[in-house]
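Engineer: First the structure, which I've put down as structure tokens, then a few questions once you've had a look.
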Amino acid sequence: MIRFGLRLALANGREALLRFVVIAVAVALGTGLLLATTAGVRALDAQVGRGAWLRGQPAAGGPAADPVVWAGREDFFGGRSMWRIDVGLKGANPPVVPGLPRLPGPGQYYVSPALHDLIATHPADQLAARFPGHEAGIIDEDALESPDSLVAVVGRTPGEVGGIPRAHEVTAVSTEPLKIPTAAMDLVLSVVAGGLLFPLLVFVGTATRLSATRREQRFAAMRLIGATPRQVTQLAAVESGAAAVAGTIAGFALFPALRAAMAAVPLTTERFFPADLSPGLPIAVLVALGVPLGAVAAAALAMRRVRISPLGVVRQVTPRPPRAWRLVPLVAGLVELAYFIGRKPETSSGQTAAFLPGFLITMVGLVIAGPWITMVGARLMARHARRLPTLVAARRLADNPRAAFRAISGVMLALFVVSVATGVITTMNFERGVRYSDLAAVTMDQYVGPEGALPQDVSDRLRRVQGVTFALVLHDNPEDGPASPSSIVACADLARIPQYGTCAPGAEYAQIWSNLVGFDRTRTGTGAATVWPAASVTAEQIAALPLDSVVVGLDGTAAARERARTAMGLAFPDYEVPPLTDLERGSNSRTQMALFQRLADVIMLFSLPIAGCSLAVSVAAGIAERKRPFSLLRLTGVPLRALRRVVALESAVPLLAVAVLAAVTGFAAAQLFLRAQMGYTLTPPDWSYYALAGLGLAVSMAIITATLPLLSRVTGPETARNE
């Protein structure tokens, strides 16, 4: 029976071979992406675990060791985040940390390979001078989150390290990873995987239905000549299982290329190590066995009508039309999101529990409501039809809207996910963005803490740094309030940099933001036109106020930025907040949002063509199954172009209608989430969203169009005579 089934699958003409190839290709793509997704989740877990020691958390039950004063803090170089750990040894037996032979003493430091390369290729006054002493070695890759990680472990005296904010003593360093970031990123990767895999599952399901009617008729004929239901089921399982096995093997062969692509993309702001991108042996075995078994089970289920009766395949009636109740889950999901406007939970876990079910219910509701919406659209199209192709296409869609919707349900969910992501990210970037285009120089500020005064020689040293245009000292504003600027500046100093505004007439001191610009994107008086409000303080009061920050202006070059950052770090070795430019502040969140947007774009660019392939297979199957009716229509005088229009309308109308529905629903869900979570109003996406959506739909339509020449080949007069 197995040999006979393989012969039916591979040696039963072009139609059978085409079906075999289409199923194998669909399964290969699905298998490759499934392996890539599981590998990404495992790589994320490994990445978080590798960097757990960087937090310097004390570990309970560790081996006895002399205490070490530990202070971890962030720094920047070239727009990239760098993690610096200062350690002060209190004995000859310090605790063991991953990646180092031992912790460095005063005058020594260890660096990651990527940071070592930067130090070697840049002048000392831009980077190396930040680390006193000499390089003692390289941190092993096993202790780093990424090949691009910038990490330095700097040895200093216990007293020096103790002056850094949040310094603490440890005798053993914990290597237990935090679970919260892993869970959050796992959720993101799972959503991406769903957006990619669901269209592929639809593609696989559509491919298995290719020539389903003719196959059922063939198996029914076998039943009539004596084949048992078990034998028919075995033949169907062998046909589908053989294609699934071939596709699974091809998917495993495709996985290395997908892994290389994932290793090159910083999904978490830093790249994964290629060795970490592995699904693991248990998952690989599960995929290798589960995919073919799933295909076999689907084939056996598809033969249920033939098992019931060999004549069951000819007793076909129009399916019952979908009911309006299918809209209830979709509306319920949106209502659930709207409920939390003004009722946002306080904790992050509570917010996840509040909003995630709403999005999931909405996605399920879209799938449930899709057939009913397709039917309503088809009936409206039939009511206003003025030509034969439109009427025929509308009637066929209305008779079986579930089949018409099934092929494009994947693209609907993908567009929904992309629309939600684009709406949220675009709005957050707009609301939290600050305009800097009208400034004459790039500013960098250094928070110096609430205590102390700035020695005059520090200001002089900063002004002498090549590329620095000014150095400004700001004090805390005692009148600081929710809408008041945070700092005070001397008007005499502000007069030297008029591009940042002026004082009110007669004022000696002014209230100003610590970055000289402010953070309100709706502000109209940016730059030289700004008149800062006067500060009601005297020179004696200013001298008693704590320092807020030191701000330097730069000529805009990268070299000047890093020289100034190094000089400020040396001037304030106990800094807590590193010297930052305006655009670097919040760069991690902007980078993360940009990466999420990139993932959303990948979903759109990948899923829309896959949906087009599903439609193409569905169109080809529909043409093959209806070649006799189409042939008879041609014999009665219906032109071929009219038949092509019928097929095109049957495919294009559901695709375009579902695309609009998914986009509108996605933006509606994004608006509800933004109002509930942040109080924002949805900002329309920029042209790139529409360009990507249009490109994906155009590719899908092109794939559908490529199937239309099949009509002229299968609808000739000989078909009407032979069928």
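Throughout, the working numbering is defined as the position within the sequence shown, counted from one, plus 8. In this text, a Cβ means the ideal position worked out from N, Cα and C, and glycines have one as well.
1. At what residues does the alpha helix (DSSP H) containing ASP582 begin and finish?
2. Quick one: grab the DSSP three-state call for ILE188.
3. Are the Cβ atoms of PRO493 and LEU553 separated by less than 8 Å?
4. Taking the C-alpha atoms as reference points, what is the distance between VAL559 and GLN507?
5. By Cβ distance below 8 Å, which residues in the same chain neighbour ASN523 in space, the five residues on each side in sequence not counted?
6. Scan the stretch 115-190 and note each continuous beta strand (DSSP E) run of 3 residues or more that stays entirely inside, going in chain order.
7. Looking at C-beta atoms only, is the number of pairs between the stretch 682-690 and the stretch 647-660 that lie closer than 8 Å three or more?
8. Quick one: measure Cβ to Cβ for PRO513 and GLU82, integer angstroms, because I've assumed they're closer than 8 Å.
9. Please name the residue, chosen from VAL95, PHE438, VAL33 and GLY163, that lies closest to ALA254 on a Cα-to-Cα basis.
10. Starting from MET90 and walking both ways along the beta strand (DSSP E), at which residues does that stretch end?
11. Exposed or buried, which one is LEU719 when buried takes at least 16 other CB atoms within 10 Å?
12. Could you check the C-alpha separation between THR39 and VAL295 for me, to the nearest Å?
13. Who are GLN743's beta bridge partners in DSSP?
14. With H, G and I counted as helix, E and B as strand and the rest as coil, what does DSSP make of ASP407?
15. Look up GLU82 in the DSSP assignment and say whether it is helix, strand or coil.
16. Straight-line CA distance for PRO541 to ILE520?
17. Helix, strand or coil for LEU553 per DSSP?
18. Is there contact here, the stretch 151-162 with the stretch 269-283, by at least three beta-carbon pairs under 8 Å?
19. Would DSSP call LEU480 helix, strand or coil?
20. What would DSSP say about VAL314, mapped onto helix, strand or coil?
21. DSSP three-state label for GLN507, please.
22. Along the chain, where does the beta strand (DSSP E) that runs through ALA283 open and close?
23. Using beta-carbon positions only, say whether LEU423 and GLY674 come within less than 8 Å of one another.
24. Is ALA543 buried or exposed, if buried means 16 or more other CB atoms sit within 10 Å of its CB?
25. Let me know if TYR698 comes out buried or exposed under the rule of 16 or more other beta-carbons within 10 Å of its beta-carbon.
26. Where do the ends of the alpha helix (DSSP H) carrying VAL672 lie?
27. Ordered along the chain, which non-local residues of its own chain (more than five positions away) have a Cβ less than 6 Å from that of THR713?
28. Any idea what DSSP makes of SER495, helix, strand or coil?
29. Go ahead and label HIS142 buried or exposed: buried means 16 or more other beta carbons lie within 10 angstroms of its beta carbon, across all protein chains shown.
30. Please classify PRO102: is it buried, with 16 or more other beta-carbons within 10 angstroms of its beta-carbon, or exposed?
31. Just the Cα atoms here: how many angstroms apart are ALA44 and VAL273?
32. According to DSSP, is TYR517 part of a helix, a strand, or is it coil?
33. Where does VAL76 fall in DSSP's three states?
34. What first and last residue would you give for the alpha helix (DSSP H) that runs through THR713?
35. I'd like to know whether the C-beta atoms of ALA386 and VAL654 end up nearer to each other than 8 Å.
36. Just to confirm before moving on: does the CB-CB distance between VAL119 and VAL95 stay below 8 Å?
Structural biologist: Working from what's here:
1. Working through the sequence shown from its first residue, we reach residue 582 at position 574. That residue, ASP582, is in no alpha helix (DSSP H); it is neither H nor E in DSSP.
2. As a first step, residue 188 is located in the sequence shown; it is residue number 180 there, counting from the start. Unreliable positioning characterises ILE188 in this predicted model, as indicated by a pLDDT of 49, which lies under 50. The coordinate reading is nonetheless provided below. If DSSP states are grouped into helix, strand and coil, ILE188 belongs with the helices.
3. Here residue 493 corresponds to residue number 485 of the sequence shown, with the count starting at 1. Here residue 553 corresponds to residue number 545 of the sequence shown, with the count starting at 1. Going by C-beta atoms, PRO493 is not nearer than 8 Å to LEU553.
4. Sequence index remark: in the sequence shown, residue 559 carries index 551 (1-based). Sequence index remark: in the sequence shown, residue 507 carries index 499 (1-based). Straight-line Cα distance between these residues: approximately 14 Å.
5. For the purposes of this step, residue 523 is taken as residue 515 along the sequence shown, with counting starting at 1. Only THR451, ASP453, VAL559, ASP590 and ARG593 meet the Cβ criterion.
6. 116-119, 142-146, 159-164 and 176-178
7. no
8. Position 505 of the sequence shown, counted from the first residue, corresponds to residue 513. Position 74 of the sequence shown, counted from the first residue, corresponds to residue 82. So it is not a contact: roughly 41 Å between Cβ atoms.
9. Taking the sequence shown and counting its residues from 1, one reaches residue 254 at position 246. Taking only the C-alpha atoms, the option nearest ALA254 is VAL33.
10. Indexing the sequence shown from 1 puts residue 90 at position 82. 88-97 is the extent of the beta strand (DSSP E) around MET90.
11. Counting from 1 along the sequence shown, the entry for residue 719 is found at position 711. By the 10 Å Cβ count, LEU719 comes out buried.
12. Numbered from 1 along the sequence shown, position 31 holds the residue referred to as residue 39. Numbered from 1 along the sequence shown, position 287 holds the residue referred to as residue 295. In a straight line, the C-alpha of THR39 is about 7 Å away from that of VAL295.
13. What is shown of the chain runs 9 to 731, which leaves residue 743 out entirely.
14. Start at 1 with the first residue of the sequence shown, and residue 407 comes out as number 399. Looking at ASP407 - three-state DSSP - the assignment turns out to be helix.
15. The residue you call residue 82 lines up with position 74 of the sequence shown. Looking at GLU82 - three-state DSSP - the assignment turns out to be strand.
16. Translated into positions along the sequence shown, residue 541 becomes position 533. Translated into positions along the sequence shown, residue 520 becomes position 512. Approximately 8 Å, taken between the alpha carbons.
17. Here residue 553 is taken as the residue at index 545 of the sequence shown, counted from 1. Correct three-state label for LEU553: coil.
18. yes
19. Position 472 of the sequence shown, counting from 1, holds the residue named residue 480. LEU480 falls in the strand class under three-state DSSP.
20. Your numbering for residue 314 matches position 306 in the sequence shown. Only weak support is given to the placement of VAL314: the predicted model assigns it a pLDDT of 47, under 50, and the value that follows is read from those uncertain coordinates. Residue state, collapsed to three classes: helix.
21. The sequence position of residue 507 within the sequence shown is 499, counting from 1. In the structure shown, GLN507 sits in a helix (DSSP, three-state: H, G or I).
22. As a working mapping, residue 283 is identified with position 275 in the sequence shown. Note, ALA283: premise wrong, no beta strand (DSSP E); not H, not E.
23. As a position in the sequence shown, residue 423 is number 415, starting the count at 1. As a position in the sequence shown, residue 674 is number 666, starting the count at 1. Contact flag set, yes.
24. As a working note, residue 543 is residue 535 in the sequence shown. ALA543 should be labelled buried.
25. Locating residue 698 in the sequence shown gives position 690, counting from the first residue. By the 10 Å Cβ count, TYR698 comes out exposed.
26. For the purposes of this step, residue 672 is identified with residue 664 of the sequence shown, where counting begins at 1. 648-685 is the span of the alpha helix (DSSP H), which, as asked, contains VAL672.
27. One-based indexing of the sequence shown puts residue 713 at position 705. Cβ within range, chain order: n/a, list empty.
28. Here residue 495 refers to the residue found at position 487 when the sequence shown is read from its first residue. SER495: strand per DSSP, three-state reduction.
29. Translated into the one-based positions of the sequence shown, residue 142 becomes position 134. Counting Cβ neighbours within 10 Å, HIS142 comes out exposed, since fewer than 16 surround it.
30. Stepping through the sequence shown from its first residue, residue 102 is reached at position 94. PRO102 is buried by the Cβ-count criterion.
31. Numbered from its first residue, the sequence shown carries residue 44 at position 36. Numbered from its first residue, the sequence shown carries residue 273 at position 265. The straight-line gap from Cα to Cα measures roughly 13 Å.
32. What you label residue 517 is simply residue 509 of the sequence shown in a count that begins at 1. Three-state DSSP puts TYR517 in a strand.
33. As a working note, residue 76 is residue 68 in the sequence shown. The answer is strand: DSSP assigns VAL76 an E or B state.
34. On the sequence shown, residue 713 is found 705 positions in, with the first residue counted as 1. Its alpha helix (DSSP H) spans residues 695-713.
35. Taking the sequence shown and counting its residues from 1, the one referred to as residue 386 is at position 378. Taking the sequence shown and counting its residues from 1, the one referred to as residue 654 is at position 646. Cβ atoms of ALA386 and VAL654: not closer than 8 Å.
36. Looking up residue 119 in the sequence shown gives position 111. Looking up residue 95 in the sequence shown gives position 87. In this structure, VAL95 does not lie closer than 8 Å to VAL119 by Cβ.
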